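Going line by line, the protein sequences match chains A and B.
Using the working numbering, you'd call the opening residue of the first sequence number 193 and step up by one each time.
Using the working numbering, you'd call the opening residue of the second sequence number 193 and step up by one each time.
Below is one structure, written out as structure tokens; the observations come after it.
Number of protein chains: 2
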Amino acid sequence: MESSSARSGGSTRREATRQKLYEAAVTLIAEQGFSATTVDEIAERAGVAKGTVYYNFASKSVLFEELLRHGVGLLTASLQEAAERTARAGGSRVDALDAMVRAGLVFIDRYPAFTQLYVAELWRTNRAWQSTLMVVRQEAVAVVEQVLREGVAAGEFSDEIDVQLTAAALVGMVLVAALDWKSFQPERSLDDVHAALSRLLQGRVSGKG
Amino acid sequence: MESSSARSGGSTRREATRQKLYEAAVTLIAEQGFSATTVDEIAERAGVAKGTVYYNFASKSVLFEELLRHGVGLLTASLQEAAERTARAGGSRVDALDAMVRAGLVFIDRYPAFTQLYVAELWRTNRAWQSTLMVVRQEAVAVVEQVLREGVAAGEFSDEIDVQLTAAALVGMVLVAALDWKSFQPERSLDDVHAALSRLLQGRVSGKG
DNA sequence: ATTTTTGCACTGACCAGTCAGTTCAAAAAC
DNA sequence: GTTTTTGAACTGACTGGTCAGTGCAAAAAT
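Next comes the structure, spelled out in structure tokens:
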């Protein structure tokens, strides 16, 4: 459609502005929350006039909603890719789960502010973007559930596991461990954290190593 | 300390008012967030005049801060009690962990709104109550870490586990699974959810049941 | 008699959203 | 190839409303 360098009628400029606004909004909202973050702050950090925010987004809520959609979309794609890559390489479902744990850690490592904001909003009710959030969340969790189901069908996992709850628990494990990592031990390496979670995942905690 | 019926010199009346304000604030803030919740709303839901809020708390922030302290205090006591009860009954450290998982579920079952609000605030930075939250969080997590350390010392757990990270991961597992339970499958029983998490905890997921 | 609560008017700061006007690069006209 | 026009993108002062917190006299509870 259009190259970013020499462009004519299109709207590459607009896209760049929106990107700047996303980046400004994500850190501010992660730190302060949605309501405590002002549109003036977002505009200022993005290096843009307030009017530009409203030229590009219908409202503060819509800006946030599109930000959520964008971010969770990246995560879902990344999890999906990890699962497929493992399958193609002939790995087991446990390998796939492990690869997804790593993909999750990589994502949080790269976008800690987004993750923070996502967690803070996920279980709220009665908010404007509630339904959007529900949809994208389900798309992400479904990738994990799918692998669990395949594992049960293939006899790799017990058929007594509760797929939905187990998926939620696994996500929670990675999410909280990673946020703690970023908040309290940011100097540790991703491999290190991944190793600790792998150990837990494979039940090598109870029963001496 | 004091009975709610026949009390003398103290301030039982005041305490009752504060309790009403806690309860009103916790659900409103869980739903809407701190900044989006107004003092007028809190007062109205508590069935109290606005002036009363300020007679009992120095500010909106202080009210919230004391609410956080109060709530996490309950959780910590409950986890502590579960660990000690298991130890007294001669249970293993895995049993203690399992008992704490259940204690966590019972807490979230009883105070879902508080849990929601706690999660939403936990990883935020630059907020007034940040330091208070840090302290009480650490008190709660320390109970889990303590059991893990004892388990390592007793040879029940691998000495290669990362205590801090594993504790965070376990907390995350319970937290996210329970919030999903309350949000999306509230009809399920606590025992049911507990069973699913026990299975995961004891590594009976990989390896057919 | 003292503590606690009420009711309500008031203030001053803050903020989401608006809008009349500006900029500028590409397209059209000449 | 120079001038004119066009319109998307952007600007920032301004508006209307909201809300935390105050002040205080009267009432209720203990």
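Idealized CB from N, CA, C, for every residue including glycine.
Note that the structure is a prediction, hence the values are computed from the model and not measured.
On the DSSP letters alone, give me the boundaries of the alpha helix (DSSP H) that residue i sits inside.
i	result
A:W373	355-376
Can you tell me which of the three DSSP states residue i falls into?
i	result
A:F349	strand
B:F299	helix
A:L393	helix
B:T229	coil
A:G239	coil
B:R380	coil
A:F249	coil
A:K212	helix
A:S197	The predicted model places A:S197 with a pLDDT of 33, which falls under 50 and marks its position as unreliable, so this point remains unresolved.
B:Q338	helix
B:G401	Here the model assigns B:G401 a pLDDT of 41, short of 50, so the residue's position is not dependable, and the following value carries that caveat. Looking at B:G401 - three-state DSSP - the assignment turns out to be coil, as it is neither helix nor strand.
A:T204	helix
A:Q330	helix
Cα-Cα, which of the options is closest to residue i?
i	options	result
B:S270	B:R302, B:F249, B:Y310	B:R302
A:E215	A:L367, A:L309, A:V327	A:L309
A:V265	A:H386, A:R205, A:T307	Residue identity differs from the one stated: residue 265 of chain A is Gly in this sequence, not Val. When only C-alpha atoms are compared, the closest one is A:T307.
B:E342	B:V218, B:V286, B:A320	B:V286
B:A274	B:Q338, B:M365, B:F256	B:Q338
B:A217	B:T324, B:L260, B:L289, B:Y247	B:L260
B:L357	A:E348, A:P304, A:P378, A:Q211	A:P378
A:G239	A:A208, A:L255, A:E352	A:A208
A:R380	B:L371, B:W373, B:D354	B:D354
A:A387	A:V366, A:L371, A:S375	A:V366
A:W163	A:S390, A:S284, A:P304	Beyond the ends of chain A as shown, which are 193 and 401, falls residue 163 of chain A; an answer cannot be given.
B:N248	B:A281, B:Q224, B:S227, B:K212	B:K212
A:D312	A:S227, A:S251, A:E276, A:V336	Per the sequence presented here, residue 312 of chain A reads as Ala, with Asp not at that position. A:A312 has its Cα closest to that of A:S227, out of A:S227, A:S251, A:E276, A:V336.
B:K242	B:A222, B:V231, B:A291	B:V231
B:L371	A:R294, A:F376, A:R316	A:R316
A:E331	A:V344, A:T244, A:R319, A:A359	A:A359
B:E258	B:L393, B:A346, B:E223, B:V327	B:V327
Who are the neighbours of residue i on chain A, taking C-beta pairs under 8 Å?
i	result
B:Q308	W315, R316
B:S375	W315
List, in order along the chain, the chain B residues whose C-beta lies closer than 7 Å to that of residue i?
i	result
A:S227	G225, S227, A228
Residue i versus chain B: which residues are under 9 Å apart at the beta carbon?
i	result
A:L357	A369, D372, W373, Q377, R380, D384, V385, A388, L389, L392
Would you mind telling me which residues of chain A sit closer than 7 Å to residue i, beta carbon to beta carbon, in chain order?
i	result
B:M365	A361, G364, M365
Along chain A, in chain order, which residues have C-beta atoms closer than 9 Å to that of residue i?
i	result
B:V339	Ordered by position in chain A, no residue passes the 9 Å Cβ test against B:V339, which lies about 12 Å from the chain.
B:A312	G225, V311, A312, E313, L314, W315, R316
| task | With a floor of 4 residues, list each alpha helix (DSSP H) that falls wholly inside the segment 259-324 of chain A, ordered by position along the chain. | result | 285-302, 304-314
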